[in-house]
Amino acid sequence: MRWALVKVSLAVTAMVVVAFAVPLGLVIREMARDRAFSNAEREAAAVAPALSITTDREQLERVVASAGSDAGMAVHIPASGKESGGTDIGRQRATDDDIAAVREMGRASTTEVAGGSTLLQPVALSSGEIAVVEVYVPESEVTNGVGTAWAVLAAVGAALIVGSVAVADRLGVRMVQPAQRLVEGAHELGEGKLGARVPEEGPNELRLAAVAFNSMADQVVQLLANERELAADLSHRLRTPLTVLRLNAASLGDGPAADQTRSAVEQLEREVDTIIRTARDAKPQTAAAGPGAGCDAAEVVRERMGFWSALAEDEGRKWRVAGADRPVRIPVARADLAASLDALLGNVFRHTAEGTAFAVDLHNGEDAVIVLVSDAGPGIPDPDAAMARGRGSGNDGSTGLGLDIVRRLAESTGGDVRIGSSVLGGTEVRLWIQLDGRAAPVRRGHRGSVRRRRQPRVAATFNRSRSLP
């Protein structure tokens, strides 16, 4: 593109220079010729008054000499009366026929001679005869200054061509560099360098292309992050059936088959943990549910508690469910809420000893729904660290994605998640789901901690009895 612009500019400028310089050069040459013959006419006119008064040779020679043109001027006086011949003063260069023709026509004429041209000017004598004044105009005088003028024109034309090429080259660089950066950015992105971006500068079209490229690159990064996050979350959801398998395998007793089953379950858990840890660096992003989407939170709570209650009975855990006896609609997909509940209850079974009691409370407020999962275990020493994605509790088999799944579910509705101490003496995880989709004013600290203004309005209702029967 750069050289194409230079070639176009070179061709256009050269045509313009030729179109103006050639006619101008011809005009300059004609002006020089007109100037030379005008000077010759003035010299001839200086002799005409003397010819009209006298035809004496000596006097005319003095007049010609005083004009300073005796070497290039000649006067041809015809014979008068019965005299033969005539008087010729100066060097004759024109032919006799040319001189005779001027006498007959009675007007000035020019004729080509060796080394230049002559001006033949007729002058009427007192006797009525016609004398002819011949003024020699050498070729050097006709072309005087023409070569210099043409050289100046050529220099100006060359300067215009060089200048236009330089300007076209700079403009080409201004256009080509953003295009080259766009190409380089595309190559880098294609090679897997997801941080490749293009400066948004240059002509408007290329600037818009750079903006579109950067937006596309951001979308690619986001899509890849979402894919990795989805892989991590789906893998984490496998932890629930793995927990069941592990508990059931523990009750198989001794024997080769039981040992092989427990070994296979442990290996499967390690593989799932590897998948989660590989993908846990993805940036979380959970889309809010669209209009009309959602589920009955009470139904999901009853369903998942029906699953976990069997495990609780096997381990001798007391449990309680409150607030799930009537429908509670929330703007959350059923599968997402089930995964969040499984993550919270799975943490209870995984990180507390057998026989530890737990409870699930569901409260439906005016503008929010709260799901409260509490246990009577040892609690979480550092709630802030537990909310950080990918950190986990530090125990074996902990990836730190369980609470992150819950947090993203809450934040997709404008809510949040809090970790505190429960009335049972252990950990209390409070899942706040906003119903109207409007996030209250926030002030953020760590990643998982969000403080909202309106939360105390419904949170106070949980001060009612939450003790286990």
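The sequence shown begins at 1 in UniProt numbering and counts up by one. Ideal placement from N, C-alpha and C gives every residue a C-beta, glycine not left out.
Could you tell me which residues DSSP puts in a beta bridge with residue i?
i: Gln180; result: None; Gln180 has no bridge partner.
i: Trp432; result: Ile370, Asp416
i: Met73; result: Val135
i: residue 479; result: Because the chain spans 1 through 469 in this model, residue 479 falls outside it and cannot be assessed.
i: Asp296; result: Arg329
i: Ile130; result: Ala124
Under the rule that 16 or more other beta-carbon atoms within 10 Å means buried, what is residue i, buried or exposed?
i: Pro383; result: buried
i: Ser412; result: buried
i: Arg53; result: First, the amino acid is wrong: residue 53 is Ile here, not Arg. With fewer than 16 other Cβ atoms within 10 Å, it is exposed.
i: Ser164; result: buried
i: Met216; result: exposed
i: Trp3; result: exposed
i: Asn347; result: buried
i: Asn204; result: exposed
i: Leu189; result: buried
i: Gln434; result: buried
i: Gln219; result: exposed
i: Asp404; result: buried
i: Gly392; result: Its pLDDT being 48, under 50, Gly392 is placed unreliably in this model, and the value from its coordinates should be taken loosely. By the 10 Å Cβ count, Gly392 comes out buried.
i: residue 510; result: No information on residue 510 is available, as it lies outside the stretch 1 to 469 that the chain covers here.
i: Arg438; result: Confidence in Arg438 is poor, its pLDDT being 48 and thus under 50, which makes the residue's placement unreliable; the coordinate value appears in the next sentence. Exposed, because fewer than 16 other Cβ atoms sit within 10 Å of the Cβ of Arg438.
i: Glu134; result: buried
i: Glu104; result: exposed
i: Pro381; result: exposed
i: Glu428; result: buried
i: Val47; result: buried
i: His76; result: buried
i: Arg317; result: buried
i: Ser374; result: buried
Helix, strand or coil for residue i, going by three-state DSSP, please let me know.
i: Thr427; result: strand
i: Ser9; result: helix
i: Ile99; result: helix
i: Val22; result: helix
i: Asp88; result: strand
i: Asp384; result: helix
i: Val198; result: coil
i: Asp254; result: coil
i: Leu120; result: strand
i: Glu112; result: strand
i: Ser421; result: strand
i: Gly290; result: Residue confidence is low: Gly290 scores 44 on pLDDT, short of 50, so the model does not pin down where it sits. Its coordinate-derived value is still stated next. Coil at Gly290, not helix or strand.
i: Pro78; result: strand
i: Ile56; result: Here residue 56 turns out to be Asp, not Ile, going by the sequence shown. Three-state DSSP puts Asp56 in coil, outside helix and strand.
i: Pro284; result: In this predicted model, Pro284 has a pLDDT of only 42, less than 50, meaning its place in the structure is not dependable; the value taken from the coordinates is given anyway. Here Pro284 sits in coil by DSSP.
i: Ala94; result: coil
i: Leu153; result: helix
i: Arg389; result: Per-residue confidence for Arg389 stands at a pLDDT of 48, beneath the threshold of 50, marking its modelled position as unreliable; no derived number is given.
i: Thr243; result: helix
i: Asn226; result: helix
i: Glu191; result: coil
i: Asn144; result: coil
i: Arg33; result: helix
Looking only at C-alpha atoms, which of the options sits nearest to residue i?
i: Glu43; options: Gly25, Val64, Glu30; result: Val64
i: Leu341; options: Asp88, Asp56, Val417; result: Val417
i: Pro138; options: Gly145, Ser117, Gly420; result: Ser117
i: Ser309; options: Arg207, Ser215, Val321; result: Val321
i: Leu230; options: Asp336, Val132, Arg262; result: Asp336
i: Leu431; options: Thr352, Val332, Ala357, Ala385; result: Val332
i: Gly25; options: Trp319, Ala48, Leu153; result: Leu153
i: Arg181; options: Gly255, Gly106, Ala210; result: Ala210
i: Ile89; options: Gly115, Pro78, Ala79, Arg57; result: Arg57
i: Met387; options: Ala410, Pro241, Gly365; result: Ala410
i: Gly195; options: Phe213, Ala45, Pro327, Gly253; result: Phe213
i: Arg334; options: Ala359, Val300, Val328, Glu201; result: Val300
i: Ala40; options: Tyr136, Asp96, Pro378, Leu5; result: Tyr136
i: His144; options: Thr261, Glu30, Phe307, Val6; result: As written in the sequence, residue 144 is Asn, which differs from the His given in the question. Closest by alpha carbon: Glu30.
i: Lys7; options: Thr55, Ser127, Ala168; result: Ala168
i: Arg304; options: Leu10, Gly426, Thr427, Ala343; result: Ala343
i: Glu315; options: Leu247, Glu191, Arg174, Ser9; result: Leu247
i: Gly106; options: Val27, Leu125, Val360, Thr13; result: Leu125
i: Leu119; options: Lys193, Arg62, Asp367, Ala108; result: Ala108
i: Ile99; options: Ala114, Gly192, Pro122; result: Pro122
i: Ala385; options: Ile419, Pro378, Gly415, Thr356; result: Ile419
i: Gln92; options: Met73, Ala250, Glu354; result: Met73
i: Asp367; options: Gly414, Ser421, Ala19, His351; result: Gly414
i: Ala36; options: Val132, Val146, Thr356, Gly306; result: Val146
i: Ala21; options: Glu313, Val156, Pro378; result: Val156
i: Val221; options: Lys193, Pro199, Arg207; result: Lys193
Chain D beta carbons: is any one of them nearer than 7 angstroms to that of residue i?
i: Val265; result: Absent from the structure is chain D; it holds one protein chain and no more.
3 or more residues per run - each beta strand (DSSP E) lying fully within the segment 305-377 | Qualifying beta strand (DSSP E) stretches, in chain order: 319-322, 358-364, 368-375.
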